[in-house]
Amino acid sequence: MVPILALATSGLLFASWLFLLLVSLSAPVIKNINFFEADLPITIRISGFGPNGRQTTVVVEHLKYGIWGGCYQTQIFGTIYSLCNHDGMDVGVDHPLVRALYVHPAACALTFLALLSFLVIVRVPKLGVPRTRWIPAVTLTTLAAILSTILIIMDIILIADVKQDVDQSDGAIGFTWGNAVWLTLAAVAGLWMAFISCVIHIYKNREVHFRERHELNAVRA
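Letter by letter, the sequence shown follows residues -9 to 211 in this note's numbering.
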C-alpha cells in the first residue's frame, strides 16, 4: 500500500461516514442538525395540551426540520413550549420527497461498510493486493457515492420547494437552509474523492503485486 494515499482514503471515508451519521441523527434526535429552519405560522394538531388532554390546534413560531421530524417552538395558552414531533408530516411539510430523507441512514451504512472493507485491505502486510480483493471496497464506495449524490439532489429540490412555499405564504418571517444539507454535500465530495483514490490504489498495487510475485518466483527458482 501507499501509506499517504491509504491514510487519505481512510480519512475521506471516515469523514464521509461521520457526516452522514450526523445527518442520520438530525432533528429531532440532534436538534441543532436540520435540513431547514423556518419562522412562520403553521397550524398543527398535537395531543395532550388541550382540555382534558385532547388534541388542540396551535401555531408554530420556529421550526427545525430533520429526517425524523421537526423540533419547534410554539405558544400554547400564553406559554412558550419547545417541542419535538417524530412524525414530520404533522408539522405541515407535505412534499413527495419528504420520505426520501429516510434513505440517508442507508447511505451512512454503505459508507461504513466501504470504510471497513478498505481497512481490511490496508492491513495486508506484504504482497501487493490483487484486483479481486478491491471489489468489495470499490463497489461499496461507488454505491455510497451514487446514493449520496441522488440524495443531495433530492434534498436540494425538497428544500427549494419548501422555501418557495414559505416565501409565498402569508405571515412568513424567515427561512434558512440547514447544516444537514452541507454535511451531505461534504460527504458526497469525500466519497467521490475516496473512489478516485481507490482507483489509484488498484493501479499502484497492481504494479507492486506483479513485481513482488515475480521476485518471489525468482527466489523459489
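Glycine is no exception: its CB is placed at the ideal position from the N, C-alpha and C atoms.
None of these values were measured; they are calculated from a predicted model.
For chain D, check one thing: does any of its Cβ atoms lie closer than 9 Å to the Cβ of W172?
Among the chains of the structure shown, chain D does not appear; only one protein chain is present.
State the DSSP-derived secondary structure class of I57, mapped to helix, strand or coil.
coil
Between the region 93 to 109 and the region 150 to 161, are three or more C-beta pairs nearer than 8 Å?
no
Rounded to whole angstroms, what's the CA-CA distance from F9 to S159? Just pull it up for me.
33 Å
From T166, V110, V171, I192, residue whose alpha carbon lies closest to that of I140
V171
Mapping DSSP to helix, strand and coil, what is P115?
Unreliable placement is indicated for P115, whose pLDDT of 49 sits below 50; no coordinate value is reported for it.
V13 classed as buried or exposed, judged by whether at least 16 other C-beta atoms fall within 10 angstroms:
buried
Could you pull the DSSP bridge partners for A28 from this structure?
L53, F165
So, helix, strand or coil for I23, using DSSP?
coil
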